[in-house]
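Remember, this note's numbering sits 3 above the position in the sequence shown when you count from 1.
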Amino acid sequence: RDLETRATAAKLSEPAPEKITPGFVSQEEIIRKYIPQFQSMEQSANSRLDQLLSAALHEYRSQKAAGTLDLAGLARKYLQAGTKLESGVDNQFYALLSAMENELIANDQPTAVIDLVKQDYLQAKAAKRAEMMAKARR
Numbered sequence: 004r005d006l007e008t009r010a011t012a013a014k015l016s017e018p019a020p021e022k023i024t025p026g027f028v029s030q031e032e033i034i035r036k037y038i039p040q041f042q043s044m045e046q047s048a049n050s051r052l053d054q055l056l057s058a059a060l061h062e063y064r065s066q067k068a069a070g071t072l073d074l075a076g077l078a079r080k081y082l083q084a085g086t087k088l089e090s091g092v093d094n095q096f097y098a099l100l101s102a103m104e105n106e107l108i109a110n111d112q113p114t115a116v117i118d119l120v121k122q123d124y125l126q127a128k129a130a131k132r133a134e135m136m137a138k139a140r141r
């Protein structure tokens, strides 16, 4: 299921806050605020990954044509670049997730959705890694 559907299901399974205070922001409003930010981050990361794969394929073909192919060195170079990209995206993701959690807490809202978002992120990351490795092997 997509994040919005899962978030709605989590929201419905949790008790509503007992009191509404001035400045109250609902869980649904908070979720709606962050979903586009997570989606934008994912699109940006996917674009950068595609660029990285394209550069790796171009360099592979160039080295192969020139007879200077160092497959191990090329793999190491682009795996390191991919790891660096992943680390940066992880940092952005967890900072955004923390901000979302803090906003939920500040508004006396349940935070179970945080685990769902994290789980979706880890699953998407694993699927993208498998996809990229399959492309690289072709």
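Virtual Cβ for every residue (Gly too), placed ideally from N, Cα, C.
- Per DSSP, PHE41 is one residue of the alpha helix (DSSP H) stretching across 30-69.
- A straight-line Cα-Cα distance of about 12 Å links SER65 and SER57.
- Ranked by Cα distance from ILE33, the first of LEU88, ASP111, LEU77 is ASP111.
- Counting along the chain, the unbroken alpha helix (DSSP H) around GLY76 starts and ends at 74-109.
- In the three-state scheme derived from DSSP, where H, G and I count as helix and E and B as strand, ARG140 is classed as helix.
- When the Cα atoms are used, PHE96 and PHE41 turn out to be separated by approximately 7 Å.
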